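Below: one structure, written as structure tokens.
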Amino acid sequence: MPRVLSALLPGAALACVISATAVASPGPGTPAPVGVLPAPADRPFPGVITLAIDASDVDRRIIHVHETVSGLAGDAILLYPQWLPGNHGPTGPIDRVAGIRIRAGDRNLDWRRDTVQVYALHVQVPAGTDRLDIDFDYLSPTSRDIGALEFSRENLIFDWNTVVLYPAGFYARQIPVAASLTLAADWTLGTALETEATAGARTSFRRTDLETLIDSPVYAGRYGARFDLDPGGKARVTLNVFADRPDHLVVSPAQLEAHRALVQQAYRLYRSHHYAHYDFLYSLSDEVQHKGLEHHQSSENGAPPALFTDWEATAPDRDLLAHEYTHSWNGKFRRPADLWTPNYNVPMQDSLLWVYEGQTEYWGHVLAARAGLRTAQQTLDQLALFAAYYEHQAGRSWRPLQDTTNDAILNYHRPQSWRDYQRYMDYYTESVLVWLDADTLIRERSKGARSLDDFAGSFFGVGDGLSTVNTYTFNDVVKALNAVLPYDWAAFLRERLDSTGRPAPLDGLTRGGYRLVYTDTPSAYQKALDAAAKVQNLAYSLGLVLNSKDGAVETCLWDGPAFRAKLAQGNRLIAVNGIPYSPEVLEAAVRSAQKTHAPIELIARAGDRYVTSALAYDGGLRYPHLERVSATPALVDSILAPRDR
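The opening residue of the sequence shown carries number 273 in our numbering; numbering runs sequentially from there.
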């Protein structure tokens, strides 16, 4: 208890608060003890959940929920989903739920929140009935100050986990659900759910189980289009696109062909599929969040509005579909054993995210290149950015890569003052370099006869057509790698995962025929990336990334030149050598300092104060690139080349 609060309580009240933490043994008819939830059982739930969702209030972004749950008795415990697959942490937005009303027939029932398991609600079901009627509202964010936007006047990103309370004590796959969704008039939707009937703006879906429902989000909007990505294929694959404006739905034949090639390249890599059909849900919008979230038979994806109409400028966004599609194999069908849970209120463990997310990230970039969603050069430019970041990252000196797999639980999406020192979810992108290392090692030692493709095909492609989750452990990964190429893979992986202070993992690039170099000109790919983010990126010269419009410091690298000049994230650069800040002025100052060796004089605003500092740096502008080493076989080029079978 905080000292201030305890000081305000009289002695008797304080004793009462302390004694209330003890859990009494339950007697007949006594509610379940606080903080004790029944363990999920793999047996059919005797009732059914019926959900009627009204998401037509696009002006106020309020979603109305009417739910009935049958099959209940006694002290029922209803759970709001807390631990969400794909989020890897306890991120269920229960704070957005309001107006909960529970009835049995015409009788209003009291409910109480569990004071330990706060995502659990206790309610006493009256004798003679087994059905509860539940109404509540889900208050979707109305501004970015509250949270990532799910709703606009043109688009909706809808996740079923936000609008359901479900009975404790059962596996999610054992709870049947009948759901319907009402949208704004004239809107269309995309989802992996099967439609039962449509009546005006209301769509009813075929009865399914809770696990499938929550794994099947809905994208909807005023302007939408569908594209068949595998005409005549063994399983339907559909690209469902929703945009702020109808002209953003124009997809050229070449762009469509690249998306179709993604499906074929994935089949050639994984040698299987584990879905009855697959739906890419794609929002092209500035009004709702740019989301990327995997599901077994669909994925949630977001990109800038002009993804198709300004194709050359949006290359950095075009690995997203490949990443989320890969998750149908790695993450949804094959899943780390400690990430699988029987329902959404059992804690997850994230120890294998360097495979789940890390290898998925690797294949996302590789498949995007193989399919033509990006050029090989654009992918090389992205690899250069990864390599440069980890070559400069201070956090690798003290924090191992393995520990970053806990970040979704430790500090999910919280801002950080010194991100490169603290580290944040590096199991995504540092793992790309680790898996590139493994891939090139296999190719080199097998003289090109084997590759990481063989691991992907045998490990994730096992059981073509099956969809039941198949879990794996660290030892399973090592065994599968050894089946491809005998090697001490356990030591290889543990060294890269557990050690600190090692050089950046660039062996895959070196072995693959490239080396990391810096020039005074950014790649076209980096220019597009920085333009989309609206930043001036001088990370590898001054150790600064600035908002290019107002000079706000977005990133200051730990112990870099700007750090030593006392700058920090949250400062705003006002003037450079006496001239008001602009990207051009700062860049010119860096070039001048390279010749004069004089410090760069900066004026920055820190809160309500102005700070003057002399930034000592004369190394010129430095932007990362990969340079081909002709004496070494171009294994990276082979990895990025499309497969013909």
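We treat Cβ as the ideally placed atom computed from N, Cα and C, and that holds for glycine.
Computed from a prediction, not measured in an experiment: that's the story for all the values here.
Next on the checklist: Distance check for leucine 682 and threonine 293, CA to CA, integer angstroms please.
Outcome noted: Position 21 of the sequence shown holds residue 293. Position 410 of the sequence shown holds residue 682. Here threonine 293 scores only 38 on pLDDT, less than 50, and its place in the model should not be relied on; the value that follows carries that caveat. Distance between the alpha carbons of threonine 293 and leucine 682 is about 25 Å.
Item to check | For aspartate 314, the three-state DSSP class (helix, strand or coil) | outcome: Along the sequence shown, one-based indexing puts residue 314 at 42. Coil.
Item to check | For histidine 338, the three-state DSSP class (helix, strand or coil) | outcome: Counting from 1 along the sequence shown, the entry for residue 338 is found at position 66. Three-state DSSP puts histidine 338 in a strand.
Checklist entry - What are the partner residues of isoleucine 429, as DSSP defines its beta bridges? => result Residue 429 sits at position 157 when you count from the first residue of the sequence shown. Paired residue(s): Tyr491.
Checklist entry - What is the DSSP secondary structure of arginine 379, reduced to helix, strand or coil? => result As a working mapping, residue 379 is identified with position 107 in the sequence shown. DSSP places arginine 379 in strand when its eight states are reduced to three.
Item to check | Own chain partners of serine 297 with C-beta closer than 6 Å, once the 5 adjacent residues on each side are dropped | outcome: As a working note, residue 297 is residue 25 in the sequence shown. Low confidence applies to serine 297: its pLDDT is 44, below 50, so where it sits in the model is not reliable, and the reading given next is rough at best. Closer than 6 Å at the Cβ level, and outside the excluded window around serine 297, lies no residue.
Item to check | Chain-order list of residues whose beta-carbon lies under 7 Å from that of glycine 815 (same chain, five-residue window excluded) | outcome: Here residue 815 is taken as the residue at index 543 of the sequence shown, counted from 1. Counting only Cβ-Cβ distances below 7 Å, and skipping sequence neighbours, we find Cys828, Leu829, Gly832, Pro833, Ala834, Phe835.
Checklist entry - When the Cα atoms are used, what is the spatial distance from aspartate 402 to glycine 361? => result Within the sequence shown, residue 402 is the residue found at index 130, counting from 1. Within the sequence shown, residue 361 is the residue found at index 89, counting from 1. The alpha-carbon atoms of aspartate 402 and glycine 361 are separated by roughly 33 Å.
Item to check | Coarse secondary structure for aspartate 622, derived from DSSP in three states | outcome: Taking the sequence shown and counting its residues from 1, the one referred to as residue 622 is at position 350. It is coil, neither helix nor strand.
Checklist entry - How should alanine 643 be labelled, buried or exposed, when 16 other C-beta atoms within 10 angstroms of its C-beta is the threshold for buried? => result Stepping through the sequence shown from its first residue, residue 643 is reached at position 371. Under this definition alanine 643 is a buried residue.
Item to check | Whether isoleucine 372 touches phenylalanine 408 by CB criterion (8 Å) | outcome: Start at 1 with the first residue of the sequence shown, and residue 372 comes out as number 100. Start at 1 with the first residue of the sequence shown, and residue 408 comes out as number 136. Yes, these two residues count as a Cβ contact at 8 Å.
Item to check | Proximity test, Cβ basis, 8 Å: tryptophan 670 and chain C | outcome: The chain inventory of the structure shown lacks chain C, comprising one protein chain alone.
Item to check | Start-end ranges of the beta strand (DSSP E) lying completely within the stretch 464-545, minimum 3 residues | outcome: 467-471, 474-477, 490-493, 495-500, 508-515
Next on the checklist: If the criterion is Cβ atoms closer than 8 Å, does the pair aspartate 516 and glutamate 426 meet it?
Outcome noted: As a position in the sequence shown, residue 516 is number 244, starting the count at 1. As a position in the sequence shown, residue 426 is number 154, starting the count at 1. For aspartate 516 and glutamate 426, yes; Cβs fall inside 8 Å.
Item to check | Residues that alanine 878 bridges to, as DSSP identifies them | outcome: Taking the sequence shown and counting its residues from 1, one reaches residue 878 at position 606. Bridge partners of alanine 878: Arg881.
Next on the checklist: Using C-beta distances below 6 Å, list every residue in its chain close to arginine 478, excluding the 5 sequence neighbours before and after it, in chain order.
Outcome noted: Counting from 1 along the sequence shown, the entry for residue 478 is found at position 206. Around arginine 478: Glu466, Glu468.
Checklist entry - Taking glycine 496 as the reference, which of Leu893, Ala456, Ser555 has the closest Cα? => result Taking the first residue of the sequence shown as position 1, residue 496 is located at position 224. Comparing Cα-Cα distances from glycine 496 to each of Leu893, Ala456, Ser555, the minimum goes to Ser555.
Checklist entry - Beta carbon of leucine 501, beta carbon of valine 535: below 8 Å? => result To locate residue 501, count along the sequence shown from 1; it is residue 229. To locate residue 535, count along the sequence shown from 1; it is residue 263. Taking 8 Å as the Cβ cut-off, leucine 501 and valine 535 qualify as a contacting pair.
Item to check | Reduced DSSP category for isoleucine 418 - H, G, I as helix; E, B as strand; rest coil | outcome: Locating residue 418 in the sequence shown gives position 146, counting from the first residue. In the structure shown, isoleucine 418 sits in coil (DSSP, three-state: anything other than H, G, I, E or B).
Item to check | Inter-stretch contact at 8 Å, needing at least 3 Cβ pairs: the stretch 734-741 / the stretch 597-610 | outcome: yes
Checklist entry - Which residues in the same chain have their Cβ closer than 7 Å to the Cβ of proline 672, if we skip the five residues on either side of it in sequence? => result Here residue 672 corresponds to residue number 400 of the sequence shown, with the count starting at 1. Hits under 7 Å: Leu769, Asp770, Ser771, Thr772.
Item to check | Bridge partners - glutamine 396, DSSP secondary structure assignment | outcome: Here residue 396 refers to the residue found at position 124 when the sequence shown is read from its first residue. In the DSSP output, where bridge partners are listed per residue, glutamine 396 has Asp347.
Checklist entry - Roughly how many angstroms lie between the CA atoms of tyrosine 542 and glycine 630, to the nearest whole one? => result Taking the sequence shown and counting its residues from 1, the one referred to as residue 542 is at position 270. Taking the sequence shown and counting its residues from 1, the one referred to as residue 630 is at position 358. About 17 Å.
Checklist entry - Helix or strand or just coil, what does DSSP make of valine 857? => result The sequence position of residue 857 within the sequence shown is 585, counting from 1. Helix at valine 857.
Item to check | Nearest residue (CA-CA) to leucine 781, options Arg646, Ala659, Asp329 | outcome: On the sequence shown, position 509 is the one that residue 781 refers to. That would be Ala659, whose Cα lies nearest to the Cα of leucine 781.
Next on the checklist: Tell me the rounded alpha-carbon separation between alanine 444 and glutamate 856.
Outcome noted: The sequence position of residue 444 within the sequence shown is 172, counting from 1. The sequence position of residue 856 within the sequence shown is 584, counting from 1. Using only the alpha carbons, I get a separation of about 56 Å.
Next on the checklist: Which residue marks the beginning of the beta strand (DSSP E) containing phenylalanine 552, and which one marks its end?
Outcome noted: Working through the sequence shown from its first residue, we reach residue 552 at position 280. That run of the beta strand (DSSP E) goes 549-556.
Checklist entry - So what's tryptophan 635 in DSSP terms, helix, strand or just coil? => result Here the question's residue 635 lines up with position 363 in the sequence shown. Looking at tryptophan 635 - three-state DSSP - the assignment turns out to be helix.
Checklist entry - Which value, in whole angstroms, describes the spacing of the CA atoms of asparagine 742 and arginine 900? => result Numbered from 1 along the sequence shown, position 470 holds the residue referred to as residue 742. Numbered from 1 along the sequence shown, position 628 holds the residue referred to as residue 900. Taking the straight line from one Cα to the other gives about 40 Å.
Checklist entry - Can you list the alpha helix (DSSP H) stretches of 4 or more residues lying completely in the stretch 752-835, in chain order? => result 761-770, 779-783, 796-805
Next on the checklist: Since threonine 414 and arginine 333 should fall inside the 8 Å C-beta cutoff, what is the C-beta to C-beta distance between them, to a whole number of angstroms?
Outcome noted: Position 142 of the sequence shown, counted from the start, is the residue given in the question as residue 414. Position 61 of the sequence shown, counted from the start, is the residue given in the question as residue 333. Going by Cβ atoms, the distance from threonine 414 to arginine 333 rounds to 5 Å, so yes, they are a contact pair.
Checklist entry - Is any heavy atom in the ligand NAP found nearer than 7 Å to the beta carbon of aspartate 458? => result What this structure holds is no ligand at all, so the ligand NAP is not there to describe.
Item to check | Residue interval of the beta strand (DSSP E) (run including isoleucine 406) | outcome: On the sequence shown, position 134 is the one that residue 406 refers to. Unbroken beta strand (DSSP E) run through isoleucine 406: 404-411.
Checklist entry - Is glutamate 919 helix, strand or coil by DSSP? => result Since the first residue shown for the chain is 273 and the last is 917, residue 919 is missing from the structure and cannot be characterised.
Item to check | N-terminal and C-terminal residue of the alpha helix (DSSP H) that alanine 710 is part of | outcome: Residue mapping note: residue 710 aligns to position 438 of the sequence shown, counting from 1. First-last of the alpha helix (DSSP H) with alanine 710: 701-717.
Item to check | Separation of proline 871 from tyrosine 634, as counted between CA atoms | outcome: Working through the sequence shown from its first residue, we reach residue 634 at position 362. Working through the sequence shown from its first residue, we reach residue 871 at position 599. Approximately 41 Å between the Cα atoms of the pair.
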